[in-house]
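Here's the structure we're looking at; comments come further down.
Number of protein chains: 2
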Amino acid sequence: MFDVAEIGSTLAKEDYKARMPDLRARLLEAQFHLRRKDVPVLIAVAGDDRIGCEELIDRLNEWLDARYLDTQVFEEETEEERQRPRFWRYWMALPPRGRAAIFFGGLALDAIADRYLGRIDSDGFAARMEHVRTFERAIVADGMLLVKIWLHLPRQELRRRLKRKDSGWQLEQRDWIIFKHYDEIKPLCERYLQETSAGGAAWTVVESTDARHRDLRAAEHLLAAFTARLDEADAAPATRTAEALKPAARPVDVLGSLDLSRRIAEEDYRDRLEDQQRRLHKLSLRARREGLSSVLAFEGWDSAGKGGAIRRLVWSMKAANCRVVPVAAPTDEERARHYLWRFWRHLPHAGKMLIFDRSWYGRVLVERVEGFARPEEWRRAYDEINDFERQLTDHGSLLLKFWLHIDKDEQLRRFEERANTPRKRYKITEEDYRNRERWDDYLMAVNEMVARTGSTGAPWVLVPANDKRAARIQVLTAVCDGLDRLL
Amino acid sequence: MFDVAEIGSTLAKEDYKARMPDLRARLLEAQFHLRRKDVPVLIAVAGDDRIGCEELIDRLNEWLDARYLDTQVFEEETEEERQRPRFWRYWMALPPRGRAAIFFGGLALDAIADRYLGRIDSDGFAARMEHVRTFERAIVADGMLLVKIWLHLPRQELRRRLKRKDSGWQLEQRDWIIFKHYDEIKPLCERYLQETSAGGAAWTVVESTDARHRDLRAAEHLLAAFTARLDEADAAPATRTAEALKPAARPVDVLGSLDLSRRIAEEDYRDRLEDQQRRLHKLSLRARREGLSSVLAFEGWDSAGKGGAIRRLVWSMKAANCRVVPVAAPTDEERARHYLWRFWRHLPHAGKMLIFDRSWYGRVLVERVEGFARPEEWRRAYDEINDFERQLTDHGSLLLKFWLHIDKDEQLRRFEERANTPRKRYKITEEDYRNRERWDDYLMAVNEMVARTGSTGAPWVLVPANDKRAARIQVLTAVCDGLDRLL
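Going down the list, the sequences are from chains L and S.
1 is the number of the first residue of the first sequence in my numbering; add one for each residue after it.
1001 is the number of the first residue of the second sequence in my numbering; add one for each residue after it.
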């Protein structure tokens, strides 16, 4: 696909001078309107022409309003970054709505370099590209205007530059490497570009032999992308066909098969609790030493006992090694980004345990059932979540997801008990009672969630919780077993 | 001050068991109410008894609701942290309103260890404690409930523990160091505690010979602090005496002495602009190589030309080495913390330049004049700002602050010009005209700001800006000179 970009296009200085002022004015204006419409913009710049990329990025910073534009250069991973899944640094650098960012290198060059240097094999390369596609699809679906520009330099031009004395100060070792191994690197680039051009995330290849031609082409392409998006936003919003809450096929009722009558006697409970807590204490110290991170997600009916189960975990560990994040309404910084961002941002350092009290599954549970997310939003969430979780487990983290299950009668009993206990009264609201009316909708959503997001690497632990003691022992044991398996 | 904490207090198991349940219930309840009242809580735990601190922190995580409590252990600085001023990591770890955090070690142990290890001399130790006082005063004034607990172990008890075989697994090399150099370390601790106990930030020293006594005393102290704060919040808010907008003494009118008639001819401008931009390009590359960070703050009248001056800076540098942060309304995550937090969070990596388009000076300008900040808030801001800036310059960063000055007639001319230029019309609003009515109040606020926050290390660059060309040249030159001085 580079052949079309090896035609030696050039642009005369006069032509450039005649056309750029108007282009720049229109680009700036379009950026302003995108900001007013709260559109986030991501401009990915990569290519086999490193110097050309740097020059183009400097130009973009001249043309656009730099106050609303961040340039992110992705070099070797830092210590902070290495402790998280690979895409963490891309997620953290995503522009919020109304701002723009340039990613230099990033996803593309990281993948190609890792493959070229043998850090990943062919399968790993394919898997990486699949992550890239999912990532880009997710942010585009969430409203990101994504523009991807690849600068290509024909080999003979690279040779010419390397031999020119006067440009020597700009050239680095790695430019020579690209030149010497061009035949090996080029097919990797081509494959990457082909396989990551799906949907709203197509690459535009620009020949960078001539700087003026390169800059003008890039500016035109950007302006076209900005304008298209603005026109789209100006058009009347597409009338959405009312999509049903129901899934395509009714999922298997996995919850219905749980044995809620299970009980543990008080005495037995004390012994087993102590055993498992002692076990968790030791395992968590070992996890800390060996750098094994854990991410636990707790979901369940209101009053199913998430809090109590989480406390038993926390009490078993050194406080410094463990953190609980209660998930409530997102902050406005979180609302300005893809819904998964608020979970990515908390991912723990090596060796620590992070416990989410409610989690990213809110998207396919409460947001789905209550209509806070549109059907196309929660429907695509299953894939986004699966990709997120695969990144966690590929990174080597322990990931466990708990659904604490009680029946409707038990819930009512607990609500009434709380209402009668002064210290617990604040825990119960009108809304809790209202939610009961949609029990069956939630039940269906949970069943579908478990069916679509459970996997060997990221299993759902379904916990019958009518008996709190049995539930706590099961949770503790599952966490210990999980750590044991990976240590 | 440790003598009173060496009386060998112990607590019988029965007494502990009899008193703790009620204490715990009340602590939990108080934490809940503090959360509901949006009070942020910071519990600093430090001491010469490392193991005792760790045990107490684990206890606190049991007693309190761990979902709203983060435990921050401050160990050796990470690479990320070393690239910022020392207090950056404390600022970043501050709990937002409604949450609680435990700082283990942190400010106290960092200071004492740095002094003991000879990383700072006696003056450095004094300066550090002054920063601590300013930091704690700032967060307390902002509403933080700060509780500081120091665990003290008498030397004979430490000796006893070190000799006990069965506790050997918990002991580390550093416990032996404390023991061997107790006589040198103890006076440092005492001095630190004395000098950082001012105002609402007093240390409570607890003897930790006996674990039960230690835990009960800490719990009681915490509960007392929580309760006092809740009682205070319940009381009717103190009627604030109407404080005048006016400063104590009318500051010198430094702005009035600026020569606004200065002009640069077009041709001269082109040459000098190119010279300075070329110079900045080179200097910024050198700064990047040598790890010199810069922080620039731009303030000035509406339409004084901040944007244009900033653009000339940005255009001179590689985009990746420079970032502009436009300061508008704070996000809700920012509003949940001290007003300086939103500036600390952006502080750049080593070698980069960060440009604030409007800055922390909003506190003593627009917030003061428009009444968004209460008089006691903007009055204490001068000290808080001076301390913040001293940390930046002590860290070795270049800090420059620009006030772009035009007169009232020139502003009106520019407003009208903008209103008549379609592309610039959006830049002008009703509010801009309204702000003109308070010109004299702003003038006074600017004069006081310059008088109270200008210093050799953090100078104000006052820029007559009726002529945009002259203003841009002055800004560019000042930045170049600043870099030159530090490189």
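A virtual CB, placed ideally from N, CA and C, is assigned to each residue, including glycine.
Which residues of chain S have a Cβ atom closer than 9 Å to the Cβ of residue i, listed in chain order?
| i | result |
| --- | --- |
| L:Ile57 | Lys1318, Ala1319 and Ala1320 |
| L:Glu54 | Lys1318, Ala1319 and Ala1320 |
| L:Arg128 | None at all; the shortest Cβ gap to chain S is about 24 Å. |
Establish whether the CB of residue i and some CB of chain S are separated by less than 7 Å.
| i | result |
| --- | --- |
| L:Glu333 | yes |
| L:Glu62 | yes |
| L:Val503 | An answer regarding residue 503 of chain L cannot be provided, because it is not within the stretch 1 to 487 covered by chain L. |
| L:Ala244 | Confidence at L:Ala244 is low in this model, with a pLDDT of 48, below 50, so its placement is unreliable and the value that follows should be read with caution. False, the Cβ-Cβ gap to chain S never drops below 7 Å. |
Can you name the residues of chain L whose CB is closer than 8 Å to the CB of residue i?
| i | result |
| --- | --- |
| S:Asp1070 | Arg323 |
| S:Pro1326 | Arg67 and Tyr68 |
Give me the chain S residues within the contact set of residue i, using Cβ-Cβ distance strictly less than 7 Å, ordered along the chain.
| i | result |
| --- | --- |
| L:Phe104 | Ala1320 |
| L:Arg214 | What L:Arg214 touches in chain S: nothing, since even the nearest Cβ is about 16 Å away. |
With H, G and I counted as helix, E and B as strand and the rest as coil, what does DSSP make of residue i?
| i | result |
| --- | --- |
| L:Gly308 | helix |
| S:Ala1242 | Reliability fails at S:Ala1242, whose pLDDT of 44 lies under 50, so the model's placement of it is uncertain and no value is given. |
| S:Gly1168 | Confidence at S:Gly1168 is low in this model, with a pLDDT of 49, below 50, so its placement is unreliable and the value that follows should be read with caution. If DSSP states are grouped into helix, strand and coil, S:Gly1168 belongs with the helices. |
| S:Pro1326 | strand |
| L:Phe298 | strand |
| L:Pro154 | coil |
| L:Val254 | coil |
| S:Glu1207 | strand |
| L:Leu487 | coil |
| L:Pro459 | coil |
| S:Glu1431 | helix |
Does the beta carbon of residue i come closer than 7 Å to any beta carbon on chain L?
| i | result |
| --- | --- |
| S:Lys1468 | no |
| S:Ala1141 | no |
| query | If you scan the stretch 1028–1108 of chain S from start to end, which runs of the alpha helix (DSSP H) of 4 or more residues do you find wholly inside it? | reply | 1050–1063, 1079–1082 and 1088–1093
| Can you list, in chain order, the stretches of the beta strand (DSSP E) that have 3 or more residues and sit fully within the stretch 338–406 of chain L? | 353–357 and 398–405
| said: Residues of the stretch 1073–1098 of chain S in Cβ contact with chain L at a cutoff of 8 Å, in chain order, please. | reply: Val1073, Thr1078, Glu1079 and Glu1080
| message | Closer than 7 Å between beta carbons: that is the criterion. Which residues of the stretch 1342–1368 of chain S meet it against chain L? | response | Asp1357
| said: Along the stretch 1291–1313 of chain S, where does the CB come closer than 8 Å to a CB of chain L? Name the residues. | reply: Gly1307, Ile1310 and Arg1311
| Uninterrupted alpha helix (DSSP H) stretches inside the stretch 1108–1163 of chain S (no shorter than 4 residues) | 1122–1141 and 1155–1163
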